[in-house]
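Data block below; observations after.
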Ligand SMILES: *Cc1c(COP(=O)(O)O)cnc(C)c1O
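In my numbering, the protein residues as written are 23 to 237.
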């Protein structure tokens with residue numbers, strides 16, 4: 023059960039913490055994957071900046087059910103064959119890490135805004151391009167007519183905050199060196215560190231809505 027007042031309170035707390043870090047311009051992306059429209063409505067009332075969703079089928083089911091009321095960011099791994107159906111509903115594609123996805127978005131959603139996902143941890147299992155390949159992916163995005171707003175990463179999940187800090191600082195400096203404004207980094211367990219490192223978008227799920235049951 024989602025309690026909208028509880029969600030609003032948590033959003034307020036996060037905004038206060040972010041302000042304390044000296045950043046006012048941090049967007050809160052409410053990650054509603056696995057939750058229903060009650061979570062989306064709570065995020066709308068709490069004045070989150072956008073909704074984050076990971077699964078194509080889930081986005082399509084939710085938009086068919088009722089209007090979302092906030093911009094929707096696709097934050098999961100993007101399968102090229104889902105781009106066409108998703109395109110009308112997505113305002114920012116956050117997980118772009120391959121040329122094939124860039125050309126598909128370029129074809130199905132001309133001029134769309136994207137973030138390039140970077141693997142800042144050298145973990146093989148993580149999605150995202152290695153930092154040294156970001157520049158060529160950026161060029162590919164622009165060649166495809168897309169607006170590359172910035173970079174996105176998922177921090178190390180080891181819980182070692184020194185490692186997390188290193189990953190976030192490396193994403194920020196990469197974005198700065200490429201003159202890209204947006205850095206989407208920080209989730210429920212590490213958003214404060216992310217904001218301290220220059221995040222402009224934090225993606226918060228469980229901290230707002232409670233634990234998820236596996237998808
Ligand atoms: C699920 C997810 C989140 C939210 O995670 P929480 O730890 O619940 O805040 C953020 N970003 C991505 C890419 C996710 O898949």
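The C-beta atom is built at its ideal place from N, Cα and C for all residues, glycine as well. From a predicted model like this one, the values you see are computed outputs, not experimental measurements.
For residue i, report the span of its alpha helix (DSSP H) as first-last.
i	result
residue 124	121-130
residue 225	Here residue 225 belongs to no alpha helix (DSSP H); instead the beta strand (DSSP E) covers 223-226.
residue 163	156-165
residue 99	Run containing residue 99: none; DSSP gives neither H nor E here.
residue 108	105-108
residue 87	78-87
residue 214	213-218
Considering only DSSP beta bridges, list what residue i is partnered with.
i	result
residue 205	173
residue 151	140
Report buried or exposed for residue i, applying the criterion of at least 16 other Cβ atoms within 10 angstroms of its Cβ.
i	result
residue 75	buried
residue 95	buried
residue 32	buried
residue 235	exposed
residue 118	buried
residue 144	exposed
residue 139	buried
residue 199	exposed
Go ahead and pull the three-state DSSP assignment for residue i.
i	result
residue 200	coil
residue 139	strand
residue 57	coil
residue 73	strand
residue 92	coil
residue 34	helix
residue 63	helix
residue 26	helix
residue 195	helix
residue 41	helix
residue 234	coil
For the beta strand (DSSP E) that residue i lies in, which residues bound it at each end?
i	result
residue 50	49-53
residue 114	114-118
Could you confirm whether any beta carbon from chain D is found closer than 7 Å to the beta carbon of residue i?
i	result
residue 107	Absent here is chain D; the protein component of the structure consists of one chain.
When the Cβ atoms of the stretch 33-50 are set against those of the stretch 210-226, are three or more pairs found closer than 8 Å? yes
(Q) Measuring CB atoms only, is the stretch 114-127 touching the stretch 80-91, in the sense that at least three cross pairs come out at less than 8 Å? (A) no
inquiry  = Does the stretch 83-92 come into contact with the stretch 125-135, if we say contact requires no fewer than three beta-carbon pairs (one atom in each stretch) closer than 8 Å?
reply    = no
*asked:* Closer than 8 Å is the cut-off here; do at least three beta carbon pairs connect the stretch 50-59 with the stretch 223-232?
replied: yes
(message) Is it the case that the stretch 183-190 contacts the stretch 152-160, given that we only count it when at least three CB pairs across the two stretches are under 8 Å?
(response) no
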